[in-house]
Amino acid sequence: MRQTFRNLILISVFFFSFQSVIHARNGQVIKVLSFDEFEPMLYLETDSVYVVNFWATWCAPCVREIPAFEKLNEVYESKKVKVLLVSLDFPNQLESRVIPFVSDMNVQSEVILLDERNPNRWIPLVSEEWTGAIPATVIYSKDFRGFYQREFHFEELEALIQQLIN
Amino acid sequence: MKRVSIFLSILFLAAASFAQGYKVGDVATDFRLLNVDGKYISMADYPDAKGFVVIFSCNHCPFVVAYEDRMIELHNEFAPKGFPVIAINPNDPEVQPQDSYELMQVRAKEKGFPFAYVFDDGQKIYPKYGATHTPHVYLLERVGTDLKVAYIGGIDDSPRDASQVSERYLANAIHALMAGKTPEPSVTRAIGCTIKVKSE
Chain A
21 MRQTFRNLIL ISVFFFSFQS VIHARNGQVI KVLSFDEFEP MLYLETDSVY VVNFWATWCA
81 PCVREIPAFE KLNEVYESKK VKVLLVSLDF PNQLESRVIP FVSDMNVQSE VILLDERNPN
141 RWIPLVSEEW TGAIPATVIY SKDFRGFYQR EFHFEELEAL IQQLIN
Chain B
-15 MKRVSIFLSI LFLAAASFAQ GYKVGDVATD FRLLNVDGKY ISMADYPDAK GFVVIFSCNH
45 CPFVVAYEDR MIELHNEFAP KGFPVIAINP NDPEVQPQDS YELMQVRAKE KGFPFAYVFD
105 DGQKIYPKYG ATHTPHVYLL ERVGTDLKVA YIGGIDDSPR DASQVSERYL ANAIHALMAG
165 KTPEPSVTRA IGCTIKVKSE
C-alpha cells in the first residue's frame, strides 16, 4: 500500500513538474521543459534508436529538414526509431509560432520546447562539439552516440539509421 | 565489430569536419570589407585599438536581434577603451535575402549602429575564423603587429532576455585583457542561426 502510494506521488510529481503542456490542433502535446527535465531524454537506455533534433520555427534550414525527420519517424517507427524535435523557439512564441507550425505541418514526431536561460550551461551537456548553430542533431542508441551540427536529407538520415538498426 | 569501427570513424570524420577555424591563442587575419557607410574597412585602419570585438552577425536572426541593443552598449562602453565592435555579416543574401548589403544599411540606420557593420561578400572571411552561426563573437587582442584570438563564443549568459543577465562573458573577457590577464572562460557557447551558404 505504502509502495503504491509512493509510486502515485512519483508519477504525479513527474507529470506536474512540466511547466506547461500545450495541445496543437493535430492533437500533438508540446511540453515546455527545463534542461534538467529534458536531459534524461538524451540518455534513454532502451533498444530503440533516438534521433533528437534541435530546431526553431525561425531557422530556415531546420524547417527545411523537418519533413526528413518526420518521414524517418513514420517509416522506421516499427523498427524502434524514435524522433524527438526539440524547439529552441523563445517560450513566449510557443502559442504564436510553435503551435501553429506543428498544427499546420501536422507534425507527428514528439515535439518539446526547451526553456533555458543560459545556453553556455547546457549546450556542452548535449555535445562538447556543438558550437551553438542549429540545426543540430543527436543520434543515439544503447551502444552508439553521434552528434551532427548540420542539415540532413532523408537519404542521409536513412543511411545512418540503417547502420544502427542492422 | 570491424565494420562498426570503420563506420564510427567515418561518422567521427563527418562530425569533426566543421570544427575548423581559430582557437584561442591563434593569430587572426585582418580583412578589407565593405561597411554600411559605403567605405571599405580593415582592422589596420584602427591604429590605436588595443583589440577588436569581431561579431559575426546578420539582420534576420532572432538571436542577433535580441542582442542588437547590447552590441551597441558594448561598443559604446569599450570602443573608448580601445576595443571597438566590428560586426560582420557572413550570410549569402541569395540564400537569405534579408541579409543583403542594402538591408544591412537599412538595419544599421534603424538601430543607429555606432559600430562598423561590414559585409563578408563572397564569404571568404568567416571560414578562416571558423564562425558557424550568428551571433558568434571573436575577441581579438593586439599583440605587437598580430591580432590574437583571446575569447570565442557568446556575449553573456542570457540571450533571450537582457534583464536576466548575470554573467557578461564578453565584457568580462575584455576587462581581463585590459588588466593584462587571460579571459576565463575563454570559450562559451550560444545558440545562433547557421551561417547561410548555398548547398553543394
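Residue numbers (my numbering), protein chains in the order written: chain A, 21 to 186; chain B, -15 to 184. Note that CB positions come from ideal geometry on N, CA and C, so glycine has one too. Quick caveat, the model's predicted, so the values are computed rather than measured.
Chain-order list of chain A residues neighbouring B/Thr166: empty, with the shortest C-beta distance near 18 Å, by a criterion of under 9 Å. Residue nearest to B/Gln4 within the set B/Tyr113, B/Val181, B/Leu87 and B/Arg54 is B/Tyr113 (criterion: CA-CA distance). At least one CB atom of chain A sits nearer than 9 Å to the CB of B/Asp145.
Within the model, the alpha-carbon separation for B/Gly164 versus B/Leu123 is close to 14 Å. If the five residues before and after B/Asn75 are omitted, its C-beta is found closer than 7 Å to the C-beta atoms of Cys42, Asp83, Ile179 and Lys180, all from its own chain and listed in chain order. The closest CA to that of A/Tyr160, considering only A/Pro60, A/Val122, A/Val49 and A/Gln48, is found on A/Pro60.
Chain B has no Cβ within less than 9 Å of the Cβ of A/Glu85.
The alpha carbon of A/Lys162 has as its nearest neighbour, out of A/Leu64, A/Asp56, A/Ile154 and A/Ala44, the alpha carbon of A/Leu64.
In the DSSP assignment, A/Asp56 falls within the alpha helix (DSSP H) that extends over Phe55 to Phe58. Residue nearest to B/Ala174 within the set A/Gly166, A/Ile185, A/Glu176 and A/Ile143 is A/Ile143 (criterion: CA-CA distance). Secondary structure in the stretch 124 to 161 of chain A: the beta strand (DSSP E) runs of 3 residues or longer, each lying completely within the stretch, are 130 to 134 and 156 to 161 in chain order. With a 10 Å radius around the Cβ and a threshold of 16 neighbouring Cβ atoms, B/Tyr24 comes out exposed.
When DSSP states are grouped into helix, strand and coil, B/Ser142 belongs to the coil group.
In this structure, the alpha-carbon of B/Asp140 lies about 9 Å from that of B/Asn156. Under the DSSP assignment, B/Asp53 falls in the alpha helix (DSSP H) whose first and last residues are Pro46 to Phe62. Under the 10 Å beta carbon count, A/Leu145 is surrounded by fewer than 16 other beta carbons and is classified as exposed.
Not one beta carbon of chain A lies nearer than 9 Å to the beta carbon of B/Arg91. Just so you know, the alpha carbons of B/Ala71 and B/Ile39 end up roughly 5 Å apart. With its beta carbon at least 9 Å from every one in chain B, A/Leu105 lies outside the interface. Going by beta carbons, A/Val158 and A/Val72 fall inside the 9 Å limit. For A/His43, DSSP records a beta bridge to A/Val49.
Counting only runs of at least 3 residues, the stretch 76 to 108 of chain B fully encloses the following beta strand (DSSP E) elements, listed from N- to C-terminal order: 100 to 103. Across the structure, B/Leu131 and A/Leu133 are spaced so that their CA atoms are roughly 40 Å apart. B/Ile56 and B/Phe97 do touch by the CB rule: their CB atoms are close to 7 Å apart, below 8 Å. Looking at the DSSP output, A/Asn112 shares a beta bridge with no other residue. Per DSSP, A/Leu64 lies in no beta strand (DSSP E) segment and is marked neither H nor E.
In the DSSP assignment, B/Tyr153 falls within the alpha helix (DSSP H) that extends over Tyr153 to Met162. Annotated three-state conformation of A/Phe121 is helix, per DSSP. At a beta-carbon threshold of 8 Å, the residues of chain A lying near B/His117 are Thr151, Gly152, Ala153 and Ile154, ordered along the chain. Annotation for B/Ala134: no alpha helix (DSSP H) segment contains it, though the beta strand (DSSP E) segment containing it runs Asp130 to Gly137.
According to DSSP, B/Tyr122 shares a beta bridge with B/Val38 and B/Ile136. In the structure shown, B/Ala28 adopts helical secondary structure according to DSSP, grouped into three states. At least one C-beta of chain A is nearer than 9 Å to the C-beta of B/Arg173. Under a criterion of Cβ atoms nearer than 7 Å, the residues of chain B adjacent to A/Leu108 are, in order, Ile175. Looking at the backbone, the Cα of A/Asp67 and that of A/Glu115 are separated by about 34 Å. For B/Arg144, the closest of A/Asn140, A/Glu148, A/Phe164 and A/Ala179 by C-alpha to C-alpha distance is A/Asn140.
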